[in-house]
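**Q** Residue numbers (my numbering), protein chains in the order written: chain A, 153 to 360; chain B, 153 to 360. The C-beta atom is built at its ideal place from N, Cα and C for all residues, glycine as well.
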DNA sequence: TCCGGTTGTAATCGAGTGATTACTACAGTT
DNA sequence: AACTGTAGTAATCACTCGATTACAACCGGA
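Okay, structure coming up:
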């Protein structure tokens, strides 16, 4: 991505770099649409190396999805750990919501998760997606101390936020209806999220 | 799907049949993952015919997505047309929510839309997805008479519902956390939606 | 300095997939 | 009955993509 000269790095670093690239590509094109070649190109290595290091596309997607899930989990855990216990539900929503939208700067992370969730029928990724989702749900309930209804409302808003960003709704900001919807859904972070989305230009090669 | 002997039907009927099949396949596997061959098999025709009738996979997906969007739009319009004007917001949410989840029985329709929304970066499908979404939003605002905030909340719940069904969360009903979440999110329609999901077994061939 | 392990690539293979072509079978019309 | 347009398919092509193989380049020790 930004490394012209970075040959022969440690396998561990290369791994993380490829996972980050996979997150971007899978986030944009989904599992079926994301090619190992595009990921390799994004990471600046050869396609053969990507495949061999992860033992196949399926394992690569699994690890990329698990990484994305872990990032969300850690963000929520960290935020919840800062709670004193006398926050209002509004305070909690704002704090966790901010932590969530902060993950948007890691372009691809949340979109990869969304793609994982859309594979519910898959024998491998279906159970994985449900497990990842429920992990985050449990943290929200148990560590952030939300009730079931509060958590449902919070996740609902999070899902709409994620889908609006996946569909690049900020690109339609000339439409007043789109602005109305985004203003209500994104709340205080409207301008930030719109600006962020428009900085994130699609992959180099024409998509699909 | 259910027609062994139905040869030589009118092009118009065949068209609708193929679109319904495409909705199922694209809903399950997404645009990139859904093959014209799987759609042809689901519709009981040859792959060549599918491609020729729609002039390519891209056009087929576009028409399938537009059909799905139209189904949602019509369901909302019909429901809103029955409003007298003195419904509470709770009444409206319940009525539109019921209309929405009723669309779930058309397996594939809402999942195809979700996949369309995940293609926001695409030069063709991005604008289409945003337009479809905003059409439904405007009907909810203008014809069902919801405020911006009410519509945002309603769509948020709808998105979470859709994603939970896409990930087949009902398959995890043994997990108490999953049941908590679904009970709060689906409301009165928990049992219906869970039963419906479990009737909808994946496509014949192993997925992906 | 040679050596062995690790990082990495070029070349290529085979399966899957969208598209095209050339063809067949049927139904309505005169 | 012959004609004509429409519904539909088998066969096959061209290309993409994941995977494999064989090899090269680099580096740290003994």
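My understanding is that residue 224 of chain A touches residue 255 of chain A, with C-beta atoms under 8 Å, so please give their C-beta distance in whole angstroms.
**A** Yes, residue 224 of chain A and residue 255 of chain A are in contact; Cβ-Cβ is about 6 Å, under 8 Å.
**Q** Where does residue 319 of chain B sit, in a helix, a strand or coil, going by DSSP?
**A** Residue state, collapsed to three classes: coil.
**Q** Does the region 327-345 of chain B come within contact of the region 270-282 of chain B, defined as at least 3 CB pairs closer than 8 Å?
**A** Short answer: they don't touch.
**Q** Anything in chain A within Cβ reach of residue 309 of chain B, meaning under 7 Å, just list it in chain order.
**A** Going along chain A in sequence order, the residues near residue 309 of chain B (Cβ under 7 Å) are 308.
**Q** How about residue 259 of chain B: is its C-beta nearer than 8 Å to some C-beta of chain A?
**A** Output row for residue 259 of chain B: interface = no.
**Q** For residue 252 of chain B, would you say it is in contact with chain A, using Cβ-to-Cβ distances shorter than 8 Å as the test?
**A** Closer than 8 Å: no.
**Q** Would you decide whether residue 168 of chain A is buried or exposed? Buried here means 16 or more other CB atoms lie within 10 Å of its CB.
**A** It is exposed - the Cβ of residue 168 of chain A has fewer than 16 other Cβ atoms within 10 Å.
**Q** In the structure shown, what three-state DSSP assignment does residue 267 of chain A receive?
**A** Reduced to three states, the DSSP call for residue 267 of chain A is helix.
**Q** Compare the Cα-Cα distances from residue 266 of chain B to each of A:229, A:317 and A:341 and report the closest residue.
**A** The shortest C-alpha separation from residue 266 of chain B is found at A:317.
**Q** Assuming residue 221 of chain B is part of the alpha helix (DSSP H), what are its boundary residues?
**A** Note, residue 221 of chain B: alpha helix (DSSP H), 209-233.
**Q** Would residue 208 of chain A be called buried (16 or more neighbouring beta carbons within 10 Å of its own) or exposed?
**A** By the 10 Å Cβ count, residue 208 of chain A comes out exposed.
**Q** I need the straight-line Cα distance from residue 288 of chain A to residue 206 of chain B, nearest angstrom please.
**A** Computed Cα separation, rounded: 42 Å.
**Q** Tell me, please, whether the region 191-200 of chain A touches the region 239-259 of chain A by the rule of three or more beta-carbon pairs shorter than 8 Å.
**A** Verdict: no, contact absent.
**Q** Residues of chain A with CB closer than 9 Å to the CB of residue 323 of chain B, please, in chain order.
**A** Simply 272, 278, 279 and 282.
**Q** Would you kindly check if the distance between the Cβ of residue 270 of chain A and the Cβ of residue 337 of chain B is under 8 Å?
**A** Against a cut-off of 8 Å, the Cβ pair of residue 270 of chain A and residue 337 of chain B comes out as no contact.
**Q** How far does the alpha helix (DSSP H) with residue 287 of chain B in it extend, from its first residue to its last?
**A** Unbroken alpha helix (DSSP H) run through residue 287 of chain B: 277-290.
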